[in-house]
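Participant:
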Amino acid sequence: MTMHQFIAFASQIALAAGEEGATEGGHEALVPGITDGPLVEWAWLIVVLPIIAAFVITLWGRRMPLKGWEAAWGAIGFVAVYGTVLFIVNATQGIVYEGTVEIAQIGDMTLEWGWMVDGLSIMMYFLVGVVGFLVFTYAKSYMKGDVRFTWFFASFSLFAGGMLVLVSAPNLIQLIVGWELVGVTSYLLIAHYWEDFANVDAGNKAFMVNKVADAALFLGAIIMAVSVGSFSFNDIIDVVVHGEEGMLSQYAFWAGLLIFIGAMGKSAQFPLHVWLPDAMAGPTPVSALMHAATMVTAGVYLLGRLFPFYIDEAAMFAGDVRNIIIIIGGLTLFLTGFLAIVQKDIKKVLAYSTVSQLGYMVAAMGAGAYTAGLFHLFTHAFFKGLLFLGAGSVIHAVHSNNMSDMGGLRRKMPITFWTFIAGTLALIGIFPLAGFFSKDEILASIKYAGGNGQDVANFILILGIAGAFVTAFYMTRLVALTFFGEYKGHATPHESPRMMTYPLIGLAFFAVTAGWVNFPGVYTGFTTWLATRVPLIGMGDHHAEGLDWALVLTVSPVVIAGAAIGWWIYGKDRDTQAERDAFRIPVLWPLFDNLYYIDDFYTSAIVRPTMGPIAKVVLWWDMYVVDGIVNGVGLGSIGIAKAIRTVDENVVDGLYNEVGAGVDGLGSSLRLSFTGRIQQYAAFSFIGVVVIAVLFIIL
Amino acid sequence: MTIIQFIIVGAALFSMGLYGVITRKNAVLILASVELMLAAVNINMVAFDRYLQDQLHSGQIFALFIIALAAAEVGIGIAIILMIYRNRQSADVDELNLMKG
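Residue numbers (the working numbering), protein chains in the order written: chain R, 283 to 981; chain U, 1064 to 1164.
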């Protein structure tokens, strides 16, 4: 489809969506102001530069004055600037563009590399760029003196590049390439301190749990591509929007479910969330970027990219899967919140908090709330990035991850403290910080879905409100144990250097303000920005006219109650760990403390059998069958080589020697005729001329 | 005057030149013999030019070329012989057998 045809098609759909939107309460798609020009045609640089930077650092990083950091920082800074420009231009004029380069033609299927520049992708460029830039800045100080400083920035840059490949993908193939790039670099980064075997295990765990989900994603993508005859999102959405009966509508449920399972892996949804808390083994900047703007958002992004397929206005595609999505999201946000309560490691609290917040996003997607889910993704990236960097600042000061080594840091680290408080308030959803708006919109959307035929959403709404309570509770506990009371550690804490505090302040600014771009009833620009999409269609999701006061007046007191109870239990300073953990509900505590026994279940049901009998069988097969074949081939090769050597030595060498000797003999006899007397030569040549002349006359 | 007289003079001159080139030991005399052979060729050129009534007189022009060439050749030849003589105090070609195989 050429660009012109595409725009014609897009504007038709936009018109249709606009008409429909008037009755359904959906929003009109923003008519794009920019569909070509250098701004969007050069946007591929966003994707390519961090990857180039990664290779440059790998090859020459050690010789650079700042050990390769400057290359990574420059590339991500470029992404931040370009992303911000695109974000602003999209907000004011609207951008819809899809650039593609054909790489291969396989039968009827064209393989393309491309870059999407539309509302959804631009939001991700902006997030990865801005959050990434601040995290890279922070990481220079944090990683100072690390043994693999250069290598860290090479893989970190490649990680960001992989995420950008993923979010720029106009087709499933490129998306999977980015998906895997993110997966493999996350393995490298989580296992960065590989001298400690536990960290390697954490890296392996993240990689393998993700791989399980990836297998489902591949199957789903293959079903989808074979059904539609194209990997392009454009073509898939085209089929969905026109409601075409066919192979896709037939297998839509399975394709939708399998792709969702893929998203569950990357976005750490219950019960595949187990890798994410372990991923805390990596350096803190990695946790900040991985759990804020990149990697874990990939699943939610994918659901957003294929959203028309899931919202299913024609009621013949993956609409049923949404019930599964909302249940998984609801269970995740509810169950993992409790696990955050019992953690002792400050980063693990935040890790489970991330899983819980991802549950909100996925539940919103399941409720058919495209904007709400992505809005929470947007705001969450800032305040969770902030919280992780704040935690990193604390860890940097006290040299321990354990909260029992902290306490009383609010006076010693005032900037870290105040920015952390901003992040906490944003996360638990206190008006008017970012999290309030996004979480409220999610709950309002779930409520709306419950009132419009999706019965299960009513139940998830209760879980969502309870989740908000739990969030407030564990975050209060975290703040109380870290920043209040007496200092219990052994190191001498001090405020972090400016290279670390400035990024905190930058993120705190966004954590406070990012929610204002979508203030129901006042200003809902974010909704319109996300609506510029390739293909340009209305998303058909619900948008509240104003704040749902009944809901706000329910959730806000619940949140404040959560914070108050948390303060009541943990606010008082206690000396020993036993006293601190005095709050223990008999049955639930061990359940939470053992993470619902999910990890134990995986260990005994999957890992042990794999390592036990299956490993033995595989070993036997390997030693006797595979090795036998390899050895046989090796011995056969040696035999053949010996035979060839005999032929070579006797026949081939003999032939060459004979030819050489013959030439030598001939030369010796011819030598006699070379007397060195020129007159003799002249006589010979005269005789030759005479002979030739005679021959001419005779013949 | 028929063409045959010229051919006979040319052939005689060429044979004398060839005999000189092959038998003389002094390099200067060999060079002089070469001149004889060239003169024989010139005679043939001019004779056949007249005989064939060539409109372009290419034979005569060729002869002029050969005269010029011969002058150059003698110049270089004498120079080489002079250098050999200076180095070896002799211009006897029988002693110049460095190319012996």
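We put the beta carbon where it would ideally sit given N, CA and C, even for glycine.
Where does R/E723 fall in DSSP's three states?
Facilitator: Three-state DSSP puts R/E723 in a helix.
Participant: Looking at C-alpha atoms only, which residue of R/G356, R/L454, R/F660, R/K426 is the closest neighbour of R/W1017?
Facilitator: With chain R running from 283 to 981 in the structure shown, residue 1017 of chain R is simply not present.
Participant: Over what stretch of residues does the beta strand (DSSP E) that includes R/G343 continue unbroken?
Facilitator: From DSSP, R/G343 is part of no beta strand (DSSP E); its letter is neither H nor E.
Participant: Would you identify the three-state DSSP class for U/M1162, choosing helix, strand or coil?
Facilitator: coil
Participant: Under 8 Å, Cβ to Cβ, is there at least one residue of chain U near R/F956?
Facilitator: yes
Participant: Secondary structure at R/A574, three-state DSSP: helix, strand or coil?
Facilitator: Shown here, R/A574 sits in coil according to DSSP, grouped into three states, outside any helix or strand.
Participant: For R/I388, which of R/W536, R/A336, R/S512 has the nearest alpha-carbon?
Facilitator: Nearest of R/W536, R/A336, R/S512 to R/I388, Cα basis: R/S512.
Participant: Quick one: what does DSSP say R/A651 is sitting in, helix, strand or coil?
Facilitator: coil
Participant: Could you pull out every unbroken alpha helix (DSSP H) segment of at least 4 residues lying fully inside the region 412-492 of chain R, listed in chain order?
Facilitator: 431-450, 454-472
Participant: Quick check: the region 636-646 of chain R against the region 604-616 of chain R, are at least 3 beta-carbon pairs closer than 8 Å?
Facilitator: yes
Participant: Kindly say whether R/I960, judged by its beta-carbon, lies nearer than 8 Å to any beta-carbon of chain U.
Facilitator: yes
Participant: Let me know the alpha helix (DSSP H) ranges lying completely inside the region 639-698 of chain R, each 4 residues or longer, listed in chain order.
Facilitator: 652-680, 691-694
Participant: Is the CB of R/A975 under 8 Å away from at least one CB in chain U?
Facilitator: No, its Cβ sits nowhere closer than 8 Å to a Cβ of chain U.
Participant: Which bits of chain R does U/V1156 rub up against, with CB to CB less than 7 Å?
Facilitator: I960, Q961
Participant: Closer than 8 Å is the cut-off here; do at least three beta carbon pairs connect the region 564-573 of chain R with the region 493-510 of chain R?
Facilitator: no
Participant: What three-state label does DSSP hand R/F552 in the structure shown?
Facilitator: coil
Participant: Starting from the N-terminal side, write out each stretch of the beta strand (DSSP E) that is 3 residues or longer and does not extend beyond the region 561-640 of chain R.
Facilitator: none
Participant: So the beta strand (DSSP E) R/E384 belongs to, where does it begin and stop?
Facilitator: Per DSSP, R/E384 belongs to the beta strand (DSSP E) from 379-388.
Participant: Do you know how far the Cα of R/G460 is from the Cα of R/M283?
Facilitator: Only weak support is given to the placement of R/M283: the predicted model assigns it a pLDDT of 44, under 50, and the value that follows is read from those uncertain coordinates. Distance between the alpha carbons of R/M283 and R/G460 is about 24 Å.
Participant: Go through its chain and collect everything with a Cβ distance to R/L501's Cβ below 6 Å, but skip five positions before and after it.
Facilitator: L540
Participant: Counting only beta-carbon separations shorter than 8 Å, does U/I1085 have a partner in chain R?
Facilitator: yes
Participant: Across the region 971-980 of chain R and the region 1070-1084 of chain U, are there enough close Cβ pairs to call them in contact, namely three or more that are closer than 8 Å?
Facilitator: no
Participant: Taking 8 Å as the cut-off, does the region 434-448 of chain R touch the region 329-340 of chain R (at least 3 CB pairs, one atom from each stretch)?
Facilitator: yes
Participant: So what's R/N734 in DSSP terms, helix, strand or just coil?
Facilitator: coil
Participant: List the residues of chain R that U/L1081 touches, going by C-beta distances under 7 Å, in chain order.
Facilitator: F968
Participant: Using the beta-carbon count (16 or more within 10 Å), is R/P714 buried or exposed?
Facilitator: exposed
Participant: Taking DSSP as the reference, what is the three-state secondary structure of R/D882?
Facilitator: helix
Participant: Specify whether the region 705-725 of chain R and the region 583-596 of chain R touch according to this definition: at least 3 beta carbon pairs, one from each stretch, less than 8 Å apart.
Facilitator: no
Participant: Give the interface partners of R/A964 over in chain U, defined as CB-CB distance under 7 Å, in chain order.
Facilitator: V1084, I1085
Participant: Go ahead and label R/A897 buried or exposed: buried means 16 or more other beta carbons lie within 10 angstroms of its beta carbon, across all protein chains shown.
Facilitator: exposed
Participant: Report the residue from R/G381, R/H678, R/F552, R/G648 whose alpha carbon sits nearest the alpha carbon of R/I617.
Facilitator: A small fix is needed here, since residue 617 of chain R is Leu in this sequence, not Ile. For R/L617, the nearest C-alpha among the options comes from R/F552.
Participant: Starting from the beta carbon of U/N1160, find every residue of chain R whose beta carbon is closer than 8 Å, and list them in chain order.
Facilitator: T957, G958, R959
Participant: Please check the pair R/F719 and R/F660, which I expect to be a contact at CB under 8 Å, by giving their CB distance rounded to whole angstroms.
Facilitator: For R/F719 against R/F660, the beta-carbon gap comes to about 10 Å, at or over 8 Å, which does not count as contact.
Participant: Using C-beta distances below 6 Å, list every residue in its chain close to R/G350, excluding the 5 sequence neighbours before and after it, in chain order.
Facilitator: Within the same chain, R/G350 has close Cβ partners I339, G343, T432, F435.
Participant: Determine the direct distance from the alpha carbon of R/G749 to that of R/G648, and round the result to whole angstroms.
Facilitator: 17 Å
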